[in-house]
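Under the numbering used here, the first residue of the first sequence carries the number 19, and numbering increases by one thereafter.
One structure is given below, encoded as structure tokens.
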Amino acid sequence: MSKRVILGLSGGVDSSVAAVLLKEQGYEVIGLFMKNWDEADENGVCTAEEDARDAGRVADRLGIPFYTVNFEKEYWDRVFQYFLGEYKNGRTPNPDVMCNQEIKFNAFLEYALKLDSDYIAMGHYAQVEERNGKYCLLRGADAAKDQSYFLSRIGQKALSRAIFPIGHLKKQEVREIARRYELETAGKKDSTGVCFIGERNFNRFLDQFLRAEPGEMKTVEGVTVGRHTGLIHYTLGQRKGIGLGGIGNGRPWFVAGKDLARNVLYVAQGEDHPALYSKELTGTDMVWISEEEPELPLQCTAKFRYRQQDIPVIVTKEAGKYRISYPTVPVRGVTPGQAAVLYQAEVCLGSCLIEATVGVDESYVFLQGR
RNA sequence: UGGGCAUUAGCCAAGCGGUAAGGCACAGGACUUUGACUCCUGCAUUCACUGGUUCAAAUCCAGUAUGCCCAG
Numbered sequence: 019m020s021k022r023v024i025l026g027l028s029g030g031v032d033s034s035v036a037a038v039l040l041k042e043q044g045y046e047v048i049g050l051f052m053k054n055w056d057e058a059d060e061n062g063v064c065t066a067e068e069d070a071r072d073a074g075r076v077a078d079r080l081g082i083p084f085y086t087v088n089f090e091k092e093y094w095d096r097v098f099q100y101f102l103g104e105y106k107n108g109r110t111p112n113p114d115v116m117c118n119q120e121i122k123f124n125a126f127l128e129y130a131l132k133l134d135s136d137y138i139a140m141g142h143y144a145q146v147e148e149r150n151g152k153y154c155l156l157r158g159a160d161a162a163k164d165q166s167y168f169l170s171r172i173g174q175k176a177l178s179r180a181i182f183p184i185g186h187l188k189k190q191e192v193r194e195i196a197r198r199y200e201l202e203t204a205g206k207k208d209s210t211g212v213c214f215i216g217e218r219n220f221n222r223f224l225d226q227f228l229r230a231e232p233g234e235m236k237t238v239e240g241v242t243v244g245r246h247t248g249l250i251h252y253t254l255g256q257r258k259g260i261g262l263g264g265i266g267n268g269r270p271w272f273v274a275g276k277d278l279a280r281n282v283l284y285v286a287q288g289e290d291h292p293a294l295y296s297k298e299l300t301g302t303d304m305v306w307i308s309e310e311e312p313e314l315p316l317q318c319t320a321k322f323r324y325r326q327q328d329i330p331v332i333v334t335k336e337a338g339k340y341r342i343s344y345p346t347v348p349v350r351g352v353t354p355g356q357a358a359v360l361y362q363a364e365v366c367l368g369s370c371l372i373e374a375t376v377g378v379d380e381s382y383v384f385l386q387g388r
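Structure follows, in structure tokens:
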């Protein structure tokens with residue numbers, strides 16, 4: 019009796035090829051399309067419908083059963099509310115990290131288990147490996163597409179059931195397989211934007227849910243240089259949308275901080291401005307994928323944003339809060355709300371959520387008054 | 001109402017008689033399952049205005065307008 023796998027079929031190439039590979043490996047594969055957001059984009063296009071159709075076609079071609087499941091309520095309650103709450107607090111959340119933690123590797127997993135599934139599978143570029151009785155999450159083999167960052171907050175229960183069929187492949191190889199099997203998704207462009215919500219004009223999207231309060235824009239030196247359209251529209255390290263040109267030394271401006279209480283946006287000029295760099299951060303809500311805290315202090319590497327290059331860090335813990343320091347490699351634009359994901363070589367150890375940072379130049383501490 | 005200086009794209013700015021640098025901003029695209037960053041491309045048939053000199057003017061001359069400075 020072959021093992022049953024419920025695969026998240028999104029209608030993209032990656033999960034399509036995952037289906038192919040699972041079948042080749044002899045699993046009983048069931049395709050499940052998740053519908054978690056019910057709304058057309060600003061052009062009136064509902065990408066979800068098209069994706070569902072593509073997913074269904076792939077399932078047909080491969081001769082696997084195909085169903086749709088609706089997690090709109092779960093997504094709204096557990097991901098979207100968090101997402102809005104973070105913005106309200108002046109932070110920049112990462113909804114897709116939460117989506118994996120709460121939906122794909124929780125709600126979806128529970129659903130699959132109820133259907134007597136042995137495993138769940140996803141088309142992520144990441145790998146699972148059992149080592150000494152623990153399930154480890156490894157980076158995807160294609161460094162350019164590695165998605166372990168987004169999976170850094172799932173635990174042993176989910177990992178013990180998870181299969182990432184394409185995790186050992188390069189994107190190019192995935193596309194080749196899709197072409198060989200003549201899947202309609204073979205040439206489909208990679209999807210971007212918030213998972214399930216899609217590509218949007220971000221500020222307009224946020225404005226539908228949150229009130230943007232315009233206010234003063236000041237340099238970190240304290241000079242008022244303009245107005246901002248609402249603190250929720252900016253993230254630390256951001257360059258586009260500040261609108262300052264021709265003043266100062268002529269170099270570009272970047273968002274350096276937010277003062278929520280005074281509704282002030284702080285900006286700094288020049289990509290090397292010290293106010294933009296931090297050397298340490300504190301984090302909360304740590305999730306260790308092994309579900310066992312390693313011995314601290316821990317030397318490892320970390321990413322503070324998706325696709326950021328790994329940097330060497332030291333992790334310590336004081337009074338329940340984690341401190342991640344990187345004195346040798348100052349990082350620009352480390353932003354509260356984002357996940358600080360820890361790695362030891364290819365193994366993803368887990369992540370915490372960035373709470374605050376310590377700047378390279380301590381005289382800019384006021385930037386923490388967000 | 002004497003003198004001096006300035007006026008180049010949204011902003012800053014090069015140019016000093018040979019047919020409009022550059023930067024910032026902005027727009028579009030690439031990259032990207034957050035949001036950024038980054039990268040690529042585009043962006044003054046025209047130099048405050050009107051005349052004149054010249055084969056040729058943003059560049060020289062005259063006048064006008066506006067702004068700044070020094071004297072009154």
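Beta carbons are placed, not taken as given, at the ideal position from N, Cα and C, and that holds for glycine.
What you are looking at is a predicted structure, and each value in this text was computed from that prediction instead of being measured.
Residue span of the beta strand (DSSP E) that contains residue i, given as start and end
i      : result
Thr300 : 295-306
Glu234 : 233-237
Ala286 : 282-287
Val333 : 329-336
Met52  : 46-53
Ala144 : 144-149
Residue closest to residue i, alpha-carbon to alpha-carbon, out of the options
i      : options                        : result
Leu201 : Leu39, Glu380, Tyr361          : Leu39
Thr237 : Val282, Tyr153, Gly185         : Val282
Val365 : Arg350, Gln326, Thr319, Gly377 : Thr319
Pro315 : Ser170, Asp303, Ser343, Val376 : Ser343
Asp136 : Val146, Val76, Ala180          : Ala180
Leu254 : Leu385, Ala162, Glu311         : Leu385
Lys21  : Gly103, Ser34, Gln43           : Gln43
Asn112 : Arg257, Met19, Ala358, Val383  : Ala358
Arg222 : Trp271, His251, Val241, Gly240 : His251
His186 : Gly158, Glu380, Gln99, Tyr45   : Gly158
Cys356 : Ser381, Pro330, Gln326, Glu380 : Checking the displayed sequence, the identity of residue 356 turns out to be Gln instead of Cys. For the residues Ser381, Pro330, Gln326, Glu380, the minimum Cα distance to Gln356 belongs to Gln326.
Tyr167 : Cys370, Asp379, Glu380         : Cys370
Lys188 : Ala204, Gly301, Asp160         : Asp160
Val333 : Met304, Lys122, Arg323         : Met304
Ser308 : Ala279, Ala176, Gly103, Phe227 : Ala176
Asn267 : Gly288, Leu155, Ile260, Arg280 : Gly288
Phe322 : Ile172, Tyr153, Val347, Asp95  : Val347
Val146 : Tyr45, Asn219, Gly173          : Gly173
Leu25  : Ala130, Leu102, Cys117         : Ala130
Tyr199 : Ile265, Lys41, Gly240, Asn219  : Lys41
Tyr324 : Ser170, Asp134, Tyr382         : Ser170
Contacting residues, own chain, Cβ-Cβ under 7 Å from residue i (five flanking each side not counted)
i      : result
Asp32  : Gly141, Ile184, Val192
Pro232 : Arg245, His246, Thr247, Gly248
Residues of its chain near residue i, where Cβ-Cβ distance is below 6 Å and the 5 sequence neighbours each way are ignored
i      : result
Pro345 : Lys297
Arg75  : Glu202
Arg388 : Caution applies to Arg388, whose pLDDT of 41 falls short of 50 and renders its modelled position unreliable; the value that the coordinates give is listed next. For Arg388, where only same-chain residues beyond five positions count, the Cβ hits under 6 Å are Gly108, Lys276, Leu278.
Tyr295 : Pro348, Arg350, Val378
Trp271 : Ile260, Leu262, Val285, Gln287
Ile82  : Val47, Gly49
Distance between beta carbons of residue j and residue i, contact taken as under 8 Å
i      : j      : result
Val97  : Glu120 : 6 Å
Thr353 : Thr110 : 5 Å
Tyr284 : Asp277 : 7 Å
Thr300 : Lys339 : 5 Å
Ala139 : Asp164 : 18 Å between Cβ atoms; not a contact.
Leu102 : Phe227 : 6 Å
Asn54  : Phe89  : 5 Å
Extent of the continuous alpha helix (DSSP H) to which residue i belongs
i      : result
Glu42  : 31-42
Thr86  : First-last for Thr86: 84-88, but that is the beta strand (DSSP E), not the alpha helix (DSSP H).
Thr65  : 65-80
Gly276 : Here the sequence assigns Lys to residue 276, which means Gly is not the residue at that position. Here Lys276 belongs to no alpha helix (DSSP H); instead the beta strand (DSSP E) covers 271-277.
Ser178 : 174-179
Leu262 : Looking at the DSSP string, Leu262 is not in any alpha helix (DSSP H), and its letter there is neither H nor E.
Cβ neighbours of residue i in the same chain (closer than 8 Å, five flanking residues each side left out)
i      : result
Pro312 : Trp306, Leu367
Glu373 : Leu299, Thr300, Gly301, Thr302, Lys339, Pro354
TODO: Could you say if the region 61-81 and the region 20-32 meet the contact criterion of at least three C-beta pairs nearer than 8 Å?
DONE: These segments touch.
Task: Segment contact, 8 Å Cβ cut-off, at least three pairs: the region 41-50 with the region 205-219 - done: Because the criterion of three Cβ pairs below 8 Å is not met, the region 41-50 and the region 205-219 do not touch.
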